[in-house]
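Worksheet: the structure to be examined is printed underneath.
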Amino acid sequence: MWRRKACFPWACIGVATTCFLVWSLLGKVSAGKAVTYNLSGWRPPWGIQIRIDYVGLLMACLITGVGLMLLIYSWRYIEHELKEERIPYYYTLYLLIFTAMLGFTVTGDLFNFFVFMEIFSITSYALVAITGERMALRAAFKYLLMGAISSLTVLLAIAFLYSVTGSLNMLDISTRLKSTTYLPVAGVALVLFIAGFAVKSALFPVHVWLPDAHSIAPSPISALLSALVIKMGVLGIFRILFTVYGHSFSGLSSNWNSISGVIAWAAALSIILGSVMAIIQRDLKVMIAYSSVSQIGYILLGITLVSTRGMAGGLYNILAHAMGKACFFLVAGAFIYKHGLRRIEDLRGIGRTMPVTAGAFALAALSIVGLPPSAGFVAKWYTLWGCFQKGQYAFVVIVLLGSLLSAVYCFRVVYYMFFTGARKSGVGLDEAPVTMFAPAAVLAAGTLFFGIFAGLLMPSLNNATRVLLMK
Amino acid sequence: MNFGRIFHNLNYAVSALLFLIGLYTVAVKPNLIKKLIGLNIMETSVFLFIVSVGMVDEGVAPIVTGGYKAAEAVGRVVNPIPQALILTGIVVAVSTTAVALSLCLKIYERYGILNATEILGREEP
């Protein structure tokens, strides 16, 4: 039971069981009602409450689904990439980060929130450095410094909020904040929260840790970090702005002199600068990492526009981007596994020898750029609708320009993969192992599925955001 | 500057000062170990802040021994929740420092120096 070879099956059983349990909650949670559980029977605000509301369940299903795919992918890749004695540590850290993200999503208590955030942050620093090569250590150290400072900022903000309201339960704090006289303190706490979570979600000025960390980590970890961990930063901003502070707290509008307006402008800058930096890269994984910076800008722009459609678009974009970006990194990892290729120019003609893998990349590229009928298109459409609802035409221009720039870097790779390279006779299919291209293909098919069948999710999402913004 | 107010809230003022000192150390000093020390100073300042929130003038430790009822304990006993918060925070800080120090060890093995400007400036990825 404790043998090294038993790591992967045990991890799979754990993750698959969690996936099943989380997905079985899908029917029970809707816009108004949430599944709650009070730990040890103590009612809030005296006890810690686990509260799975709509957005929380969406994120939890995403984490378990994508996490299972990445775990299946890791089996072969980790054998190839890491030293033999580090493989059990990899699976341990993977399960820890998976648990921490799930805990972060479902908790209703602010300090529990902080503890889970720290768990996934610290395990992600370790996972970035797990290969032990020089670049990985330096990227992990930079990530650690910025991440630790941002966690401290969040802790300080929690301390400020506790000193003003005397409670740590999110809903309780939002009730007490409505009748508080210490508004400046609550305002400072809000700014500190946003600063901390902005680093975690790699928003424009503080995104500098992301390209190094995401490109140098082993590919399933890059996919995990880009697809899920930075979404936890976004979820943090969402929870602070809408659950803890609530819509009735002054400052939630899209003007540049309110906090959500500032985030929206930083997100808009992220979109443009991330895409521009991605275009000039020569290494595939660094390009995909900068693309993450750009896409997080889209997500945060949608969420902080504070309009029903915009927020639905931002939340749908989380789903679309998680699947698309995880697929990108898995495909990049498959190229590294098979041929050791990292530069984009070396990918000439690889679409002929590895068609399924390269095809998955092309399909996910549709979603990242935002072409119909992919999920990314639905998400960006709703984000644009939200911009129009609020009358922010500058953001419309920026979203469209960002899509154009994304098309440049995504389709450049597709061009190299499929439309160049001499046709050599006698070179047949040399595809990656099944457990490696199957998750990539499933994720790419997922972006297509959620684009065509957006009606499965969009009505309830629209309902949820309308209820959220009406209170 | 109203010095009376600052002396009355000395804990909070010192906590803010320590936070800024720690932030300066992390940002400016090139040695990696000094950056970690700055990080620990910042963490200490946040813990100082949290504990000061729970302090009550002339309060005793929050242990119920001789027949306190819940209602009469409010003004006399120090708030135990911030103490629980910082215990958790200290554990988190220790874990972060442990990971950071092991990274420093590995960086020293691989690079031979612990100077951040040299390390970050060397190779292009």
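Here the protein sequences come in this chain order: A and B. Sequential numbering of the first sequence, starting at 885, is according to the working numbering. Sequential numbering of the second sequence, starting at -8, is according to the working numbering. Glycine included, every Cβ here is placed at the ideal spot set by N, Cα and C. Computed from a prediction, not measured in an experiment: that's the story for all the values here.
- Under the DSSP definition of a beta bridge, tyrosine 921 (chain A) partners with A:Ile934.
- Phe995, Val999, Glu1002, Ile1006, Tyr1009, Ala1010, Ala1013, Gly1016, Arg1018, Met1019, Leu1021, Arg1022: these are the residues of the stretch 989 to 1022 of chain A whose beta carbon lies less than 7 Å from some beta carbon of chain B, given in chain order.
- Straight-line measurement puts the Cα of phenylalanine 892 (chain A) at about 11 Å from the Cα of glutamate 963 (chain A).
- The C-beta of valine 83 (chain B) comes closer than 8 Å to at least one C-beta of chain A.
- For leucine 1157 (chain A), the uninterrupted alpha helix (DSSP H) run begins and ends at 1143 to 1163, by DSSP.
- Bounds of the alpha helix (DSSP H) holding phenylalanine 1219 (chain A) are 1192 to 1223.
- Excluding residues up to 5 positions away in sequence, Thr948, Gly949, Leu952 lie with their Cβ nearer than 7 Å to the Cβ of cysteine 903 (chain A) in the same chain.
- Taking C-beta atoms as the reference points, leucine 1327 (chain A) and alanine 1210 (chain A) count as a pair closer than 8 Å.
- When only Cα atoms are considered, isoleucine 932 (chain A) and glycine 1158 (chain A) end up about 39 Å apart.
- Tyrosine 1299 (chain A) and arginine 1236 (chain A) have their C-alpha atoms roughly 12 Å apart.
- Ranking A:Asp1167, A:Gly1198, A:Gly1130 by CA distance to the CA of alanine 1151 (chain A) puts A:Gly1198 first.
- The C-beta of alanine 890 (chain A) comes no closer than 8 Å to any C-beta of chain B.
- For isoleucine 1033 (chain A), the closest Cβ of chain B is nearer than 8 Å.
- A residue is called buried once 16 or more other Cβ atoms fall within 10 Å of its Cβ, and isoleucine 897 (chain A), having fewer, is exposed.
- For leucine 92 (chain B), none of the residues of chain A pass the 9 Å Cβ criterion, the least Cβ distance being about 11 Å.
- Glutamate 1229 (chain A) and glycine 1208 (chain A) have their alpha carbons spaced roughly 22 Å apart.
- When 8 Å is used as the limit between beta carbons, glutamate 49 (chain B) is near no residue of chain A, the shortest such separation being about 20 Å.
- Residue environment: alanine 18 (chain B) is assigned as exposed (fewer than 16 neighbouring CB atoms within 10 Å of its CB, all protein chains considered).
- Shown here for serine 1191 (chain A): same chain residues with a beta carbon closer than 6 Å to its own, the five before and five after excluded, namely Gly1270, Gln1273, Lys1274 in chain order.
- A direct Cα-Cα distance of roughly 32 Å separates threonine 1241 (chain A) from lysine 1026 (chain A).
- In terms of Cβ geometry, alanine 4 (chain B) and isoleucine -3 (chain B) form a close pair [threshold 8 Å].
- Between serine 1051 (chain A) and isoleucine 1057 (chain A), the C-beta gap is smaller than 8 Å, which places the two residues in contact.
- Here the alpha carbon of tyrosine 1266 (chain A) sits roughly 10 Å from the alpha carbon of asparagine 1346 (chain A).
- Shown here, valine 51 (chain B) sits in a strand according to DSSP, grouped into three states.
- Look at leucine 23 (chain B): its C-beta is under 8 Å from a C-beta on chain A.
- Rounded to whole angstroms, leucine 1 (chain B) and leucine 1340 (chain A) show a C-alpha spacing of 57 Å.
- Its Cα nearest to that of isoleucine 1202 (chain A), the residue A:Val1262 stands out among A:Arg1226, A:Val1262, A:Ile1172, A:His1223.
- If you ignore the 5 residues before and after histidine 1205 (chain A), its C-beta comes within less than 6 Å of the C-beta of Gln1179, all in its own chain and listed in chain order.
- Here glycine 1217 (chain A) is near serine 1103 (chain A), since their CB atoms are less than 8 Å apart.
- Residue environment for arginine 1193 (chain A): buried (at least 16 other C-beta atoms within 10 angstroms of its C-beta).
- Put simply, the CB of serine 1047 (chain A) is near chain B, with a gap under 8 Å to one of its CB atoms.
- With respect to chain B, the C-beta atom of phenylalanine 1213 (chain A) has no partner C-beta closer than 8 Å.
- In summary, the residues of the stretch 1 to 15 of chain B whose CB is separated from some CB of chain A by less than 8 Å are Phe10, Leu14, in the order they occur in the chain.
- Distance from the CA atom of isoleucine 28 (chain B) to the CA atom of phenylalanine 1004 (chain A), rounded to whole angstroms, is 22 Å.
- Sixteen is the threshold: when 16 or more other Cβ atoms of the shown chains lie within 10 Å of the Cβ of serine 1144 (chain A), as they do, the residue is buried.
- Inclusion of leucine 1112 (chain A) and methionine 985 (chain A) in the CB contact set at 8 Å is warranted, their separation being smaller than that value.
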